[in-house]
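Inspection log for the structure reproduced underneath, given as structure tokens.
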Amino acid sequence: MVITQLDHRRADPERVLAECARAFGPGVLPLYLPVTTPSGEPAAPHPVLARADTRGGGRIGLRDPAAAHRELIEAIIAESEDEALMETYLLGESPTQDQLFDDLARAVLTGDLHPVIPVSATRGVGLTELLDVVARVLPSPADRECPEVTGADGAPETVPCGDPDGPLLAEAVGSFANTYLGPVTLLRVFSGTLHPDDRVRVAGHGLDGAGRPEHATTERVGRIHSPLGTELRETGHCAAGDICAVTRLANAETGDTVSASERPLTIRPWALPEPLLPIAVAVADPATEDLLGRNLSRVAAADPGLRIEQHEDTHQLVLWCTGEGHADLVLARLGVGDVDLRVEPVRVALHQTFAGPARGHGRHVKQTGGHGQYAVCDIEVEPLPRGAGFDFEDRTVGGSVPRQFVPSVERGVRALMARGLTEGVPLVDVRVTLLDGRAHSVDSSDAAFQAAGALALRDAANKVALPLLEPVDEVAIHTPDDCLGSVLGDLAARRAQVLGTDPAPEAGWTVVRAEVPAAELSRYLVELNQLTSGRADFSRAFWGYEARGA
1 MVITQLDHRR
11 ADPERVLAEC
21 ARAFGPGVLP
31 LYLPVTTPSG
41 EPAAPHPVLA
51 RADTRGGGRI
61 GLRDPAAAHR
71 ELIEAIIAES
81 EDEALMETYL
91 LGESPTQDQL
101 FDDLARAVLT
111 GDLHPVIPVS
121 ATRGVGLTEL
131 LDVVARVLPS
141 PADRECPEVT
151 GADGAPETVP
161 CGDPDGPLLA
171 EAVGSFANTY
181 LGPVTLLRVF
191 SGTLHPDDRV
201 RVAGHGLDGA
211 GRPEHATTER
221 VGRIHSPLGT
231 ELRETGHCAA
241 GDICAVTRLA
251 NAETGDTVSA
261 SERPLTIRPW
271 ALPEPLLPIA
281 VAVADPATED
291 LLGRNLSRVA
301 AADPGLRIEQ
311 HEDTHQLVLW
321 CTGEGHADLV
331 LARLGVGDVD
341 LRVEPVRVAL
351 HQTFAGPARG
361 HGRHVKQTGG
371 HGQYAVCDIE
381 VEPLPRGAGF
391 DFEDRTVGGS
401 VPRQFVPSVE
411 RGVRALMARG
421 LTEGVPLVDV
431 RVTLLDGRAH
441 SVDSSDAAFQ
451 AAGALALRDA
461 ANKVALPLLE
471 PVDEVAIHTP
481 DDCLGSVLGD
491 LAARRAQVLG
501 TDPAPEAGWT
511 VVRAEVPAAE
521 LSRYLVELNQ
531 LTSGRADFSR
541 AFWGYEARGA
């Protein structure tokens, strides 16, 4: 683990370390202690494994170096199960640094010991120590198991991870556009060796809500490059354990599996955080809409955590992001190519319905010379239960409305319901019954009865209240117990109906279930993080529509 921004004026490494220990367990221990100069600036960190005082006159933070040294050594002994190190430690002798780092690597591999390194990137403090730990302590690809893999028939497959002679298994972990090379895909190779011009199978699982169906194509790999920062160095192969950048994989999306065409494999899809922060965007210049569309396709292919929604009621383009940092990154990528994006408030799709039954009369009569327009109809409108939609019945008798014009009345009613009696607010959940009407043998037409049906619906609406319906989401909030009161108070201010609270599986946590108007949730991800210091999380799912203020 890395504690960053030591030079920030509000930096509190001790609090961050305590939060990490609360989240990951007692195995979170400092491998280096932050050191502060007399002027308050971060200096080279103190190695906990060293007995000598290396602070150089600075002040060591977090905890006493001797106590931290003893605690870390005992944790390494316990997790690595190295009896020789235990004997050396009990005899009071000093083990070598190589022995300590070897045992630390074995302890880290168990997954129960998490060494912590303090870093200030802007001042270059702790970076050398971090790279040294990455090289000497973190597990190699051969030490880890491959992710869950299935074959072409969906049956589980066993693949030797880290074996350059094994079957090809790689995963697309990112993509970007290069000025000279075009689209470039970053691949992490788990098994086998990839060569230029190899024919490979590119396949991916569908991701709900992200517009990514199941897909599989056979393509030919272009050039292979070894990335070094922003520089791409061409290489002749990419073996298991490496990350490489390849060209010409036109259909590869982030999260896809790349395998040999003769032995197709598919890696289990990532468990992605749910995007819960909606951002509505529009282009300031309509001439750049096509460019925005191309940017959207490129960003969506590279970012499986992004969900794009073109809302049919509000006509807004909504980007669902996982947080503010993610949203800033997405907006920056969408603005490539002089696309002037405008961020708008996210609008919720309001609906209307009838509060009670009402009758309406529609009369559309016009005489303009030659064929005129003549249609009269009487309807009754009554509300239906929430989510029932629309129902139309014909109860005319004696052919008062000719049979061929009954669908015309329905079309006129449906068109006005979709537009809304209040502009932009559709009418829903009603039953319309055609009771009576009159027609003319010459002047009646489909268009005339559509107009009469819309007029009848508007007449009925003028005789009864039309409550606004707003979308309501069902929310489950996973919060620490010490924040429960604040969370419940905040929900009350958001017009939420709390359904209950349940103990979470882990001690000291509670799950709050509530129904909350969607209009109150547009910034809830950010505001809940502020309320709980980033510790709580939540999920949301559409529940239905409810009368505003009910």
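Residues 1 to 550, numbered by full-length UniProt numbering, are exactly what the sequence shown covers, in order. For glycine and all other residues, C-beta sits at the position ideal for the given N, C-alpha and C.
Output yes or no for whether 8 Å exceeds the beta carbon distance between residue i and residue j.
i: T501; j: V516; result: no
i: A172; j: V258; result: yes
i: D338; j: R359; result: no
i: L455; j: G362; result: yes
i: F101; j: V137; result: yes
i: E474; j: R548; result: no
i: T185; j: A252; result: yes
i: D394; j: V376; result: no
i: E145; j: C161; result: yes
i: A355; j: V432; result: no
i: I224; j: V246; result: yes
i: residue 555; j: T396; result: One cannot answer for residue 555 here, as it falls past the ends of the chain, which runs 1 to 550.
i: A23; j: P167; result: no
i: L457; j: Q352; result: no
i: G453; j: E423; result: no
i: D198; j: V221; result: yes
Return the Cβ separation of residue i and residue j in integer angstroms, given the expectation that the two are a contact with Cβ distance under 8 Å.
i: V526; j: L277; result: 7 Å
i: V425; j: L521; result: That belief does not hold up - the Cβ atoms of V425 and L521 are roughly 20 Å apart, past 8 Å.
i: G389; j: V428; result: 7 Å
i: F449; j: G398; result: No, F449 and G398 are not in contact; Cβ-Cβ is about 17 Å, not under 8 Å.
i: P118; j: L6; result: 6 Å
i: T288; j: A203; result: Actually they are not in contact, since the Cβ atoms of T288 and A203 sit about 34 Å apart, beyond 8 Å.
Please determine, among the options, the residue with the shortest C-alpha to C-alpha distance to residue i.
i: H114; options: I76, G162, R535; result: I76
i: W320; options: L104, L296, R15; result: L296
i: D82; options: D103, H69, A68, E234; result: D103
i: R494; options: D482, L292, V472, D481; result: V472
i: Y32; options: H8, S39, I73; result: I73
i: L187; options: S226, E214, G154, Y180; result: S226
i: E19; options: A66, R9, R220, V116; result: V116
i: G154; options: T36, R268, D198; result: R268
i: L341; options: P357, Y374, I279; result: I279
i: V381; options: I308, P264, D391; result: D391
i: T218; options: A301, G241, A250, R347; result: A250
i: D481; options: P13, R535, H440, V159; result: R535
i: G305; options: V159, T314, T322, G293; result: T322
i: A439; options: G372, G25, D328, F176; result: G372
i: R12; options: G27, A50, V48, R63; result: It is Asp, not Arg, that sits at residue 12 in the sequence shown. D12 has its Cα closest to that of R63, out of G27, A50, V48, R63.
i: V48; options: T353, H69, G192; result: H69
i: V281; options: A302, V343, S175; result: V343
i: S39; options: P26, A21, R9; result: R9
i: G192; options: T179, R199, D165, R201; result: D165
i: D98; options: A50, A142, G25, I60; result: A50
i: G508; options: Y524, L488, C483; result: C483
What are the start and end residues of the beta strand (DSSP E) that includes residue i?
i: N178; result: 169-178
i: E309; result: 307-310
i: Q5; result: Looking at the DSSP string, Q5 is not in any beta strand (DSSP E), and its letter there is neither H nor E.
i: Q497; result: 497-503
i: V202; result: 199-204
i: T218; result: 215-220
i: A260; result: 257-260
In the DSSP assignment, find the alpha helix (DSSP H) that holds residue i and state where it starts and stops.
i: V464; result: Per DSSP, V464 belongs to no alpha helix (DSSP H) and is neither H nor E.
i: P13; result: 13-24
i: Q97; result: 97-109
i: E87; result: 83-90
i: P65; result: 65-80
i: T532; result: 524-532
i: V299; result: 289-302
i: D132; result: 127-136
i: S486; result: 484-493
Using DSSP bridges, identify the partner residues of residue i.
i: F405; result: DSSP lists no partner for F405.
i: T193; result: A239
i: residue 604; result: The requested residue 604 is not part of the displayed model; the chain covers only 1 to 550.
i: L265; result: G151
i: C321; result: L277
i: D537; result: H478
i: L427; result: Q352
i: D394; result: L434
i: P47; result: Y32
i: V365; result: Y374
i: T247; result: V184
i: W509; result: P480
i: R233; result: S226
Under the criterion of a Cβ to heavy atom distance below 7 Å, does residue i qualify as lining the ligand SAM?
i: D459; result: Questions concerning the ligand SAM fall outside what the structure shown contains, since it holds no ligand whatsoever.
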